[in-house]
Amino acid sequence: MHARRSLAIVLWVWMATAHLCAGSAFAAGADSAYTIANYPVDATAANAVAAKQQALADGQQAAFRSLLKRIVPVTAYKQLTRVKDIKAANLISGVTVRSEKNSATDYLANLDFSFQADAVRAELSRQSIPFVDEQAPPVGLITVLLQGNPPAVTNDTGLWRRAWTGLDLKHTITPVTVQDLKPEIHADTVSMLLAGDGNGLRILNDEYGDEYGTKLIVMAVAEPDMVAKKLTVTLAGQDAVGPLLLKRTYRMTNGDLGYTSELAAVIALGVLEGRWKAIKSGPAQQASTGAPVWSASTGAGGEVVRFTASFVDPGQWNEIRAQLLDTPGVDSLEIATVSDRDADVSLRFPGGARGLADALGARGLSLANTSGGWVLRPNY
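The sequence shown begins at 1 in my numbering and counts up by one.
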């Protein structure tokens, strides 16, 4: 499989992974979540016909796994072993070709796989596996570039914009419409948003809500630093959950801004999904809708714990952070930097690192004190 196609599939699977959620909801637009769009497939065989057949067979099974991870809560992922033998071909309602090319032995394509919503629901219900398929109200997302000396705010139509438009923004649990930064929005309004100033959010909603067609507007601001090989991304605005301000820095592996932008967009979409699913999971989460899920503070206190989370792939990282967010007592969780293999994390927990190690041990995670500091690894 070609390296770039492998990366696309990994990122796609990560994007489709759910966060914290429970129960099920059959909203009017729920069936939309049962389409896995723009999914990359790739196969090599003895001839072009065999390669295409193999790509379709592998692709629909992989797309089905992505669908399950989209609608099933991460805390119930282990239960998915009960449906691992289901043949995706029996649940497919349609396949649409977006693009394809082939050689004498290779087949590459981007396909839309649509699944029979009622049939999938029936299979999950039969196995008592919880799921959520209700979509949030759409969010207008503005791609913004912040760079230069002094830093200048500009509407981005390059790598950062393409990283977002390359995702399936229609069928995700939190639909997104990518928008331009309107010329009349002043730089100081963007600065206020990035600083967490409520006036910036008020101006964005009240003065430009009609122009964007929604008051649910989030600015996705990318600040690339090619010298330091890092990309800082800030999400600022308001989604269906409430006000949002989240800043993350990503190490730029091999100076590849394109890959890092794709990774950051996937994680950012995961933030929006996680916030929505958190409030759909019960009253406890709904009570704190004004704070970003990934940096929420309950005021419970506890000792500061800093550690490096180590993982083998983006999907495993998604499961680790979901487990952290779901651990009672965890407070003030912050994720400073994320690479393709590790992340720097800080939080507060009663009992400090030792207490956290005991709590996470029951969740299949190992927090150990090494010569380089505390390191968190999964036991699975």
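We put the CB at the ideal spot given by N, CA and C, even for glycine.
Predicted model only: the values in this text are computed from it and were never measured.
Separation of the CB atoms of residue 77 and residue 319 is rounded to 7 angstroms, and the pair is thereby assigned contact status at 8 angstroms.
The beta carbon of residue 379 sits closer than 6 angstroms to the beta carbons of 364, 366 from its chain, once the five residues preceding and following it are set aside; these are given in chain order. If you ignore the 5 residues before and after residue 104, its C-beta comes within less than 8 angstroms of the C-beta of 47, 48, all in its own chain and listed in chain order. Boundaries around residue 201 are those of the alpha helix (DSSP H), 198 to 212, since no beta strand (DSSP E) includes it.
Of the candidates 342, 189, 159, the residue whose Cα lies closest to the Cα of residue 308 is 342. Spatial neighbours of residue 357 in its own chain (CB-CB distance under 7 angstroms, excluding positions within 5 residues in sequence) are listed in chain order as 367. Linking residue 183 to residue 189 through their CA atoms gives a straight-line distance of about 12 angstroms. The distance from the Cβ of residue 228 to that of residue 268 is about 20 angstroms, inconsistent with a contact at the 8 angstroms cut-off. Taking a contact to require three or more Cβ pairs closer than 8 angstroms, the stretch 235 to 246 and the stretch 124 to 143 qualify as touching. Per DSSP, the continuous alpha helix (DSSP H) segment holding residue 320 begins and ends at 314 to 325. Contact annotation: residue 333 and residue 347 have beta-carbon atoms nearer than 8 angstroms. Residue state for residue 167 is assigned as coil, using DSSP reduced to three classes. In the pairwise beta carbon analysis, the stretch 113 to 126 is classified as not touching the stretch 142 to 159: fewer than three pairs are separated by under 8 angstroms.
Look at residue 267 here: in three-state DSSP terms it is helix. For residue 49, the enclosing alpha helix (DSSP H) covers residues 48 to 71.
By the CB criterion at 8 angstroms, residue 61 and residue 92 fall outside the cutoff.
In the assembly as shown, residue 161 is a buried residue. Its beta-carbon has 16 or more other beta-carbons within 10 Å. Inclusion of residue 217 and residue 231 in the CB contact set at 8 angstroms is not warranted, their separation being larger than that value. A distance of 8 angstroms or more separates the beta carbons of residue 39 and residue 114. Non-local beta-carbon contacts of residue 377 in its own chain, meaning distances under 6 angstroms to residues more than five positions away in sequence, involve 310, 366 in chain order. In the three-state reduction of the DSSP assignment, residue 255 falls in the helix class. Under DSSP, residue 378 forms a beta bridge with 365.
Excluding its 5 nearest sequence neighbours in each direction, residue 151 has C-beta neighbours in its own chain below 8 angstroms: 223, listed in chain order.
Cβ-Cβ distances below 7 angstroms link residue 201 to 193, 237, 238, 243 in the same chain, with the five nearest sequence neighbours on each side left out; the list follows chain order. Distance between residue 176 and residue 169, taken at the CA atoms: about 5 angstroms. Here residue 274 carries a helix assignment [DSSP, helix/strand/coil]. Scanning 208, 261, 280, 250 for the CA closest to the CA of residue 241 turns up 280.
For residue 118, the enclosing alpha helix (DSSP H) begins and ends at 117 to 126. Going by DSSP, residue 226 is part of no alpha helix (DSSP H) at all; its letter is neither H nor E. Counted as a single uninterrupted DSSP element, the stretch harbouring residue 344 is not any alpha helix (DSSP H) but the beta strand (DSSP E) occupying residues 342 to 349.
Nearest C-alpha to residue 31 among 51, 56, 53, 67: 67.
When secondary structure is reduced to three states using DSSP, residue 103 falls in the coil class, being assigned neither helix nor strand. Taking 8 angstroms as the cut-off, the beta carbon of residue 253 is found closer than this to the beta carbon of residue 340. Unbroken beta strand (DSSP E) stretches of 3 residues or longer found wholly inside the stretch 174 to 199: 176 to 179, given in chain order. Residue burial is scored here from C-beta neighbours: residue 89 has fewer than 16 other C-beta atoms within 10 angstroms and is therefore classed as exposed.
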